[in-house]
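> Chains as they are written, first to last, in this note's numbering: chain A, 1 to 165; chain B, 166 to 330. Beta carbons are placed, not taken as given, at the ideal position from N, Cα and C, and that holds for glycine.
Number of protein chains: 2
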Amino acid sequence: MGIIDDSVRENEAYASSFTSGDLTSPPSKNLAVVACMDARMNVENILGIKLGEAHIIRNAGGSVTEDALRSLIVSTKLLGTKEFMIINHTDCGMMKFKDEDLKSQLLEETGTGAVSPSFFYPFKDLEANVREQIQKVKTHPWIPDSIVVRGFVYDVKTGKLSEVK
Amino acid sequence: MGIIDDSVRENEAYASSFTSGDLTSPPSKNLAVVACMDARMNVENILGIKLGEAHIIRNAGGSVTEDALRSLIVSTKLLGTKEFMIINHTDCGMMKFKDEDLKSQLLEETGTGAVSPSFFYPFKDLEANVREQIQKVKTHPWIPDSIVVRGFVYDVKTGKLSEVK
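#1: In chain order, what residues of the same chain lie with their CB nearer than 8 Å to the CB of residue 185 (chain B), ignoring the 5 residues before and after it?
#2: Where does residue 133 (chain A) land, buried or exposed, given buried means 16+ other C-beta within 10 angstroms?
#3: By the 9 Å beta-carbon criterion, what residues does the segment 256 to 269 of chain B contribute toward chain A?
#4: Using a Cβ-Cβ cut-off of 7 Å (strictly less than) and excluding sequence neighbours within five positions of residue 37 (chain A), which residues of its own chain qualify?
#5: Can you pull the chain B residues whose beta carbon is under 8 Å from the beta carbon of residue 112 (chain A), in chain order?
#6: I'd like the ranges of any beta strand (DSSP E) spanning at least 3 consecutive residues and lying wholly in the segment 25 to 89 of chain A.
#7: Taking just the CA atoms, how far does residue 308 (chain B) sit from residue 135 (chain A)?
#8: Using DSSP with H/G/I as helix, E/B as strand and the rest coil, what is residue 325 (chain B)?
#9: If I follow the unbroken alpha helix (DSSP H) through residue 121 (chain A), where does it start and stop?
#10: Give the DSSP-derived three-state secondary structure of residue 256 (chain B) in the structure shown.
#11: In angstroms, rounded to a whole number, what distance separates the CA positions of residue 84 (chain A) and residue 149 (chain A)?
#12: Is there contact here, the segment 85 to 94 of chain A with the segment 23 to 41 of chain A, by at least three beta-carbon pairs under 8 Å?
#13: Please tell me whether residue 166 (chain B) has its Cβ less than 8 Å away from any Cβ of chain A.
#14: Going by beta carbon distance, what residues of the same chain come within less than 8 Å of residue 242 (chain B), once the five residues before and after it are set aside?
#15: So residue 271 (chain B) contacts chain A; which residues on that side make the cut at Cβ distance below 8 Å?
#16: What in chain A is Cβ-close to residue 324 (chain B), meaning under 9 Å?
#17: Say whether chain A places a C-beta atom closer than 8 Å to the C-beta of residue 291 (chain B).
#18: Looking only at C-alpha atoms, which of B:264, B:221, B:189, B:305 sits nearest to residue 116 (chain A)?
#19: Going along the chain, which residues of its own chain have a beta-carbon closer than 6 Å to the beta-carbon of residue 238 (chain B), five neighbours each way excluded?
#20: So which of A:17, A:66, A:105, A:79 has the shortest CA-CA distance to residue 54 (chain A)?
#21: Would you grab the beta carbon distance between residue 64 (chain A) and residue 56 (chain A) for me? Rounded to a whole angstrom, and I think it's under 8 Å.
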């Protein structure tokens, strides 16, 4: 049995006791979170977020890419969120390679080089990276100035968040 | 007290009973999931995924954008995932607007038009959209053919997943 088959079977148990079918689309806490896809982060649990409360956007690194901005704009303009939280974390895989090395590897393995994504956005300095992501949100012309934007580092060893100022 | 302050306080309770500090970066179930950011989806609970088991990628719609592909390539090439699951859902906010309307609204409100993101990727047909996302993964030259890619619709009223074939 495959990995996905296992998840589908797990979903049967989840659905059999599901009782939250009345929730509506706009997040009741008016919160949107951008975080890394890392398997060691359960964003809802880390932040005590219950079903229906917040948009959760996740990608490699917890980066404010063009796509994360797309999601944040939809989140605030169409679904009313008012505070954005950006979370990167310790021991992130995105701190362990160089863009040019991964691209060379892909070119060598597949024979195809000129393909998007053009960049993988690895980074070296965790706190500096969080600050850069905050700036990318705050300076975007389509994100209202009234939105609160704060950035954090999550420690995968302790479960603790620390704010980056 | 702000919304984020509330989440930071919730994290103190989470960290105080945290016991999973020994997990490593590669997802132990070799699974990556692409799902919508919708507040009514707790992806880990829906799929019975425990801490450390899977990469969770989320954005507006659960779309296989260039950024989701970036994350999936990092996931499989650097961290060894072998199966990808794509999950869209019923009552999605991305089925309720037109790209040109949102862009006109943003231009009118901010006076700024020519900014990325250039597209917000709304869609009309849920199952057709899932099929399109599967295709975008399967045809990408940097995603190995050996990767299992399957797509699902999650019903926010019942908590149930249905596979799209």
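The answer reads as follows:
#1: 216, 217
#2: Counting Cβ neighbours within 10 Å, residue 133 (chain A) comes out buried, since at least 16 surround it.
#3: Listed by position, the residues of the segment 256 to 269 of chain B near chain A (Cβ gap below 9 Å) are 256, 257, 258, 259, 261, 262, 267.
#4: 58, 59, 60
#5: 306, 307
#6: 31 to 36, 54 to 59, 83 to 89
#7: 32 Å
#8: strand
#9: That residue, residue 121 (chain A), is in no alpha helix (DSSP H); it is neither H nor E in DSSP.
#10: Residue 256 (chain B) falls in the coil class under three-state DSSP.
#11: The alpha-carbon atoms of residue 84 (chain A) and residue 149 (chain A) are separated by roughly 5 Å.
#12: Contact between the segment 85 to 94 of chain A and the segment 23 to 41 of chain A is present, with at least three C-beta pairs closer than 8 Å.
#13: no
#14: 307
#15: 73, 77, 142
#16: 11, 14, 15, 16, 17, 18, 19, 20, 21
#17: no
#18: B:305
#19: Taking residue 238 (chain B) as the centre and dropping the five residues before and after it, the same chain places the C-beta of 307 closer than 6 Å to its C-beta, in chain order.
#20: A:79
#21: Actually they are not in contact, since the Cβ atoms of residue 64 (chain A) and residue 56 (chain A) sit about 15 Å apart, beyond 8 Å.
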